[in-house]
Each structure stands twice: as structure tokens, then as C-alpha cells.
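In our numbering, the protein residues as written are 271 to 339. Glycine included, every Cβ here is placed at the ideal spot set by N, Cα and C. Input: a single structure, listed below in C-alpha cells.
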């Protein structure tokens, strides 16, 4: 599994643990739900978007990466 796949898997797990749906995430990031679904399906996150999502989950990117490892 690649590092990106591990990060995405960790993000998905954290979203589920916190009860945050793609719709919730989309609202918080002010984008459409299909955009969020596309991000996760394509695994094409900008660094800024990864940081933003990690922060919404209460993590730094470093903490998220450490958990993914």
C-alpha cells in the first residue's frame, strides 16, 4: 500500500470514528459532496486540502501521517 493510500485510509477511518460524513465534510470545506467523493476516489489531494481535513479532525498533518504509518 502506498503512503497516499495509507493516508486516505486513515482519513476515512477518522471521519467514520467522528461520525463525519462526506456531506458534512463538504459543508465544512465549502465544496460540493461530489467534489469530496472525487477527492477520496482519485486520492488526489493538495497538501493544503490534506492539512485542512486533518485540522478539521483535530489533528496536524504530522499526527495523521504518524497514525497512517
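Hey, out of 333, 329, 325, 310, whose CA is closest to residue 275's CA?
310
Those runs of the alpha helix (DSSP H) which lie wholly inside the region 286 to 317 and span at least 4 residues:
292 to 299, 303 to 312
Rounded to whole angstroms, what is the Cα-Cα separation between residue 317 and residue 289?
24 Å
Looking at residue 295 and residue 287, is the spacing between their C-beta atoms short of 8 Å?
no
Any non-hydrogen atom of the ligand PLP within 7 Å of residue 333 CB:
By its list of ligands, the structure shown contains no ligand whatsoever, and the ligand PLP lies outside what it can speak to.
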